[in-house]
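First up is the structure itself, then whatever we jot down about it.
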Amino acid sequence: MADIVRVLTDAVANQIAAGEVILRPASVIKELAENSVDAGSDRIQVIVKDAGKSLIQVVDNGCGMSENDARLSFERHATSKIRDTTDLFAIRTMGFRGEALASIASIAQVEIKTRKLEDEMGTLIRISGSEIELQEPVGCNPGTTFSVKNLFYNIPARRRFLKTTSTELKHIITEFQRIALAHPEISIRLNHNQTEIYNLSPETRKERIAHLLGNHFNHSLVPLDTKTSLISISGYIGKPEKAKKTYGEQFFFVNNRFMRHPYFHRAVINAYGSLLPPDTFPSYFIFLDIDPEHIDINIHPTKTEIKFDDEGAIFQMLIASIKEGLGRFNITPSLDFNQDGAIEIPIFRSNGPLDMPEIQIDPEYNPFTTDMRGHERSPVSDHRTNIAQNWESLYEGIKNPPSESIALENKE
Ligand code: ADP
Ligand code: MG
């Protein structure tokens, strides 16, 4: 019998890769905006029509590309971000697989205009279904503009699978929020069918949260700030009484990359303990910073699932950091920050047992009988009363003093 194994054409291979990476218009926005971030842009504009089904345009003022680079960027496994396998363990960029542009160009009609600041002319390339249709010099601003039209035009089954405009737009907004939250230093805009949804200037992280998700966050966020030799934890968590019955304002980032992490989510819920009203989810915007050698980003096609070397240790540190944050908000007077500087978090030793942080508390003190200004609270009218009954549970398990520990700076 004749041999039957053959190597797939690039176009087919690209479509297969696209099947994993580009699930819907929102995935295109994620990939293109991440490229703009990696290109050092400080201004990014996202323009969509019909929830991205007819047009997705991403305009940036980043480093742009030379003509050769622009042409090469559509090849599979073509990237400027890594060179060899050792680089896989030092990734600070959003992309590194050189897969996105090849994938997008295999399932849509793509046009790119790009120019490096130092070049006089830019480059225009049109590519559809992996076929280059046009490549020529063009006058354009420094930076890069990608236009992606008619997504899945050549895969009818995939196109039919797209949901209604409002559902696809929701996915786009969610993806946009993740990118905008991770980069409050970047001006970023989102337009849909000529309507401006977001127009955000550079701002603090807290301002960005409020502008993206609602001004009520101006008054309901508790900052986190914990640094250990393994990881730094920063960002904000919502006050327990503001927790919602619906899910959706939970954001974890590692090295400024959004990630899903059900196990760390459990750490958050665990840390709030009985402070949370039943069946509610707290909002959180938690940023983990860690040496990239301790994480593996390469376990999931869209890079939203990330493996950490020592998830157990980080789980405990998250709990300690959140409890400390909540403690400062709810029961600050009972913490003696002058003693030994501040709260203690154990030094990380990857092979040894993990000590729990030590917090000095006055077990007799009940902050809820008197508020911060010294006024008596009414136990009946105050909805925090049942929180008061539970506040001690914050410190369960934090009893044994660590053998060796680092004092955390109290930055608040
Ligand atoms: P990756 O981001 O994994 O490297 P992509 O397929 O997304 O792969 O992009 C391929 C290459 O094209 C990038 O490595 C980068 O050098 C270049 N590139 C893509 N988008 C931009 C952009 N907006 N500005 C400058 N260069 C870009
Ligand atoms: Mg990329």
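So that you can map any letter, position 48 of the sequence shown is 36 in this note's numbering, and since no number is skipped, the others follow by simple counting. Ideal Cβ placement from N, Cα and C applies to all residues, glycine included. Note that the coordinates shown come from a computational prediction; the quantities given were computed from them, not determined experimentally.
Span separating the alpha-carbon of residue i from that of residue j
| i | j | result |
| --- | --- | --- |
| residue 321 | residue 303 | Only weak support exists for where residue 321 lies, its pLDDT of 37 falling under 50; the value from the coordinates is given anyway. Their backbone Cα atoms lie some 27 Å apart in a straight line. |
| residue 176 | residue 48 | 9 Å |
| residue 29 | residue 82 | 13 Å |
| residue 84 | residue 27 | 12 Å |
| residue 152 | residue 43 | 15 Å |
| residue 146 | residue 156 | 14 Å |
| residue 198 | residue 206 | 6 Å |
| residue 135 | residue 99 | 5 Å |
| residue 57 | residue 79 | 21 Å |
| residue 251 | residue 261 | 15 Å |
| residue 326 | residue 316 | In this prediction, residue 326 has a pLDDT of 40, which is less than 50 and means its spatial position is unreliable; what the coordinates show is noted afterwards. Going by the C-alpha atoms only, they are around 14 Å apart. |
| residue 370 | residue 246 | Its pLDDT being 37, under 50, residue 370 is placed unreliably by the model, and nothing is read from it. |
| residue 298 | residue 292 | 18 Å |
| residue 158 | residue 295 | 27 Å |
| residue 236 | residue 202 | 13 Å |
| residue 101 | residue 233 | 45 Å |
| residue 23 | residue 45 | 13 Å |
| residue 183 | residue 73 | 44 Å |
| residue 137 | residue 179 | 16 Å |
| residue 111 | residue 55 | 6 Å |
| residue 313 | residue 129 | 46 Å |
| residue 238 | residue 123 | 43 Å |
| residue 149 | residue 41 | 12 Å |
DSSP state of residue i mapped onto helix, strand, coil
| i | result |
| --- | --- |
| residue 223 | strand |
| residue 143 | coil |
| residue 53 | coil |
| residue -2 | helix |
| residue 130 | coil |
| residue 97 | strand |
| residue 37 | strand |
| residue 47 | strand |
| residue 171 | coil |
| residue 110 | strand |
| residue 269 | strand |
| residue -7 | coil |
| residue 11 | coil |
| residue 179 | strand |
| residue 62 | coil |
| residue 216 | coil |
| residue 187 | strand |
| residue 158 | helix |
Integer-rounded CB distance, given that residue j should sit under 8 Å from residue i
| i | j | result |
| --- | --- | --- |
| residue 403 | residue 231 | Examination of residue 403 is not possible in this model, given that the chain is present from -11 through 400 alone. |
| residue 68 | residue 5 | About 18 Å; that fails the 8 Å criterion. |
| residue 20 | residue 61 | Actually they do not touch by this definition, with Cβ atoms about 12 Å apart. |
| residue 34 | residue 164 | 6 Å |
| residue 52 | residue 132 | 6 Å |
| residue 59 | residue -8 | So it is not a contact: roughly 34 Å between Cβ atoms. |
| residue 32 | residue 174 | 6 Å |
| residue 162 | residue 39 | With 8 Å as the limit, residue 162 and residue 39 do not qualify as a contact, their Cβ atoms being about 12 Å apart. |
Residue i, buried or exposed, once every other Cβ within 10 Å from all chains shown has been counted against 16
| i | result |
| --- | --- |
| residue 256 | buried |
| residue 120 | exposed |
| residue 2 | buried |
| residue 12 | buried |
| residue 103 | buried |
| residue 106 | exposed |
| residue 166 | buried |
| residue -11 | exposed |
| residue 160 | buried |
| residue 144 | exposed |
| residue 300 | exposed |
| residue 407 | The question about residue 407 has no answer, for the chain in this structure spans -11 to 400. |
| residue -3 | exposed |
| residue 283 | buried |
Cβ shell of residue i (< 6 Å), same chain only, five flanking positions each side left out
| i | result |
| --- | --- |
| residue 170 | 241 and 244 |
| residue 140 | 95, 146 and 147 |
| residue 374 | Legend: pLDDT at residue 374 = 39, less than 50; position of this residue unreliable, no value from coordinates given. |
| residue 109 | 125 |
| residue 172 | 191, 193 and 196 |
| residue 76 | none |
Chain-order list of residues whose beta-carbon lies under 7 Å from that of residue i (same chain, five-residue window excluded)
| i | result |
| --- | --- |
| residue 384 | Note that residue 384 scores 47 on pLDDT, short of 50, meaning its location in the model is unreliable and no value can be drawn from it. |
| residue 37 | 43 and 181 |
| residue 194 | 209 and 224 |
| residue 187 | 177 |
| residue 482 | The requested residue 482 is not part of the displayed model; the chain covers only -11 to 400. |
| residue -1 | 94, 117 and 118 |
| residue 289 | 8 and 9 |
| residue 115 | 62, 93, 98 and 121 |
Contacts around residue i, its chain only, beta-carbon distance under 8 Å, and the 5 residues preceding and following it disregarded
| i | result |
| --- | --- |
| residue 264 | 228, 231, 257 and 270 |
| residue 366 | Confidence at residue 366 is low in this model, with a pLDDT of 36, below 50, so the placement of that residue should be treated as unreliable; the coordinate-derived value is given next. Closer than 8 Å at the Cβ level, and outside the excluded window around residue 366, lies no residue. |
| residue 200 | 165, 168, 169, 186 and 188 |
| residue 87 | 5, 9, 64 and 65 |
Below-7 Å beta-carbon distance, residue i vs any chain B residue
| i | result |
| --- | --- |
| residue 10 | As a matter of chain content, chain B is missing from the structure shown, which is built from one protein chain. |
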